[in-house]
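Residues in the sequence shown are numbered from 1 upward in steps of one, following the UniProt record's numbering.
Note sheet for the following structure.
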Amino acid sequence: MSIPDFQSLMLPVLRRLVTGQVSTGELIEVMAVEHGLTDEERHTLLPSGRQTTIANRTHWALAYLSRAGAVQRIARGRYEITERGRGILAAPPERITIAYLRRFPEFAASRTETDGAETAPQPALPDPALDLGRTPEERLEAADRDLRAELETMLLARLRKLDPAAFEQVIIDLLVRIGYGGSRRDAAERLGRSGDGGIDGVIREDVLGLDAVYIQAKRYAEDNTVGAPVIQGFAGALLEHGASKGVFVTTSRFTLAARKARAAFRVHRIVLLDGSELARLMIEHDIGVRTVQTIKIQKIDLEAYEEEAA
Numbered sequence: 001m002s003i004p005d006f007q008s009l010m011l012p013v014l015r016r017l018v019t020g021q022v023s024t025g026e027l028i029e030v031m032a033v034e035h036g037l038t039d040e041e042r043h044t045l046l047p048s049g050r051q052t053t054i055a056n057r058t059h060w061a062l063a064y065l066s067r068a069g070a071v072q073r074i075a076r077g078r079y080e081i082t083e084r085g086r087g088i089l090a091a092p093p094e095r096i097t098i099a100y101l102r103r104f105p106e107f108a109a110s111r112t113e114t115d116g117a118e119t120a121p122q123p124a125l126p127d128p129a130l131d132l133g134r135t136p137e138e139r140l141e142a143a144d145r146d147l148r149a150e151l152e153t154m155l156l157a158r159l160r161k162l163d164p165a166a167f168e169q170v171i172i173d174l175l176v177r178i179g180y181g182g183s184r185r186d187a188a189e190r191l192g193r194s195g196d197g198g199i200d201g202v203i204r205e206d207v208l209g210l211d212a213v214y215i216q217a218k219r220y221a222e223d224n225t226v227g228a229p230v231i232q233g234f235a236g237a238l239l240e241h242g243a244s245k246g247v248f249v250t251t252s253r254f255t256l257a258a259r260k261a262r263a264a265f266r267v268h269r270i271v272l273l274d275g276s277e278l279a280r281l282m283i284e285h286d287i288g289v290r291t292v293q294t295i296k297i298q299k300i301d302l303e304a305y306e307e308e309a310a
């Protein structure tokens, strides 16, 4: 029996989770047993050689089910079924596919504007049906986007679970890595104390500290948008500190009113970083992530030899 694709694994995975919380390792073993995989098939590796095929496909089945709201991650490597997942099993399809999951709004490729919140792109997971007709380069680029989108989603989920001090330090480390404060080790300081006027950190851009960037970092749930009053309060805190520059970072989104409020300030220069931009910058500057694999693409280059032969 061949190794099932990840779509074929989604329904069995969901059914297994009905029995209670399960680790990914247990799920992989159960899927191998249920599908009668041979010892050779169980140990078949991906081309990268870094993971077994059955483990990789089980992980993707979980990723898609999680995106659709059918399962949720409760701890590192542990998942449980949600009410939506139970609802699916109450009238299950013959096979859960990407097309089936598209009926759920959470699985949509983009958010719709609600309650004055700014429309923002939502990372989309790969659609196997779209692979047909793509060149190898296009498929590789699509895979890179898909992996990055999933990494951004996972990164934001982890950031929301950090304690305030750790989250504030992540933001300071990111801004220093981007270039605020130059290369000085003492350029950044985490505040985050009572009486700090709503300021979580400061980065001094010159040795004497005459020019500084003040930071406010908020770990908000995805549906808890940041409105205009919060930005106005941040501007007030900057005024109290005699500052003209500020960066407001959130793991959620800013409402349109919040962005308009920021644009209305003439004295203060305030940069707003939402969750999507935060995750992108962290990945781009290697904060909170690490590279596990590098793919080298090569092309034929015999021009020098051909010219010599001519």
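Glycine residues also receive a C-beta, built at the ideal position from the N, C-alpha and C atoms.
Remember, predicted model here, so these are calculated numbers, not experimental data.
Listed in chain order, the alpha helix (DSSP H) elements of length 4 or more contained wholly in the region 8 to 48 are 24 to 34 and 39 to 42. Within the same chain, Cβ atoms closer than 7 Å to the Cβ of L89 are found at L14, R15 and V18, the five residues on either side in sequence being excluded.
Per the C-alpha coordinates, the member of E26, K299, A235 and I215 positioned closest to E80 is E26.
The shortest CA-to-CA distance from Y220 to any of A261, A157 and V176 is the one to A157. Leaving aside the five residues that flank N224 on each side, the residues in its chain whose CB is nearer than 6 Å to its CB run, in chain order, S252. Note: E80 is bridge-paired with Q72 in the DSSP secondary-structure output. Sixteen is the threshold: since fewer than 16 other Cβ atoms of the shown chains lie within 10 Å of the Cβ of T291, the residue is exposed. Around the beta carbon of P229, fewer than 16 other beta carbons sit within 10 angstroms, so the residue counts as exposed.
In the three-state scheme derived from DSSP, where H, G and I count as helix and E and B as strand, G85 is classed as helix. Within the same chain, Cβ atoms closer than 8 Å to the Cβ of G77 are found at S23, T24 and G25, the five residues on either side in sequence being excluded. Taking the Cα positions, L37 is about 44 Å away from D301.
Taking C-beta separations shorter than 6 Å and ignoring five residues to either side along the sequence, the partners of E222 in its chain run S252, following chain order. Boundaries of the alpha helix (DSSP H) harbouring Q232: A228 to E240, taken from the DSSP string. Taking all protein chains shown into account, V247 has 16 or more neighbouring C-beta atoms within 10 Å of its C-beta and is therefore buried. A Cβ-Cβ distance of about 5 Å is found for the pair V249 and A217, placing them in contact under the 8 Å criterion.
Pairing K260 with A212 gives a Cβ-Cβ distance that is not under 9 Å. Residues of the same chain with a CB within less than 6 Å of the CB of Q21, apart from the 5 flanking positions on each side, are R78 and E80 in chain order.
Measuring C-alpha to C-alpha distances from E152 to each of E41, D286 and S276 identifies S276 as the nearest. Taking C-beta atoms as the reference points, T53 and I96 fail to come closer than 9 Å. Counted as a single uninterrupted DSSP element, the beta strand (DSSP E) harbouring R269 occupies residues R269 to L273. Out of I283, E83 and V71, the CA that lies nearest to the CA of V170 is found in I283. Between the region 230 to 242 and the region 268 to 275 there are three or more inter-stretch CB-CB distances shorter than 8 Å, so the stretches are counted as touching. DSSP, read as helix, strand or coil, puts R160 in helix. Distance from the CA of R67 to the CA of F107, rounded to the nearest whole angstrom, comes to 6 Å. Only buried fits Y180, as 16 or more other CB atoms lie within 10 angstroms of its CB. Looking at the DSSP output, T251 sits in no beta bridge, so it has no partner there.
Contact between G201 and I178 is ruled out by a C-beta separation of about 14 Å, above the 8 Å threshold.
In the DSSP annotation of this structure, K218 is not part of any alpha helix (DSSP H); the continuous beta strand (DSSP E) holding it starts and ends at A212 to K218. Rounded to whole angstroms, Q72 and L62 show a C-alpha spacing of 9 Å. Within its own chain, the residues whose Cβ lies closer than 7 Å to the Cβ of I74, once the five positions on either side in sequence are excluded, are Q21 and E80, listed in chain order.
Within the same chain, F248, F254, A258, A261, R262, I270 and L272 come within 8 Å of I231 by CB-CB distance, once the 5 residues on both sides are set aside.
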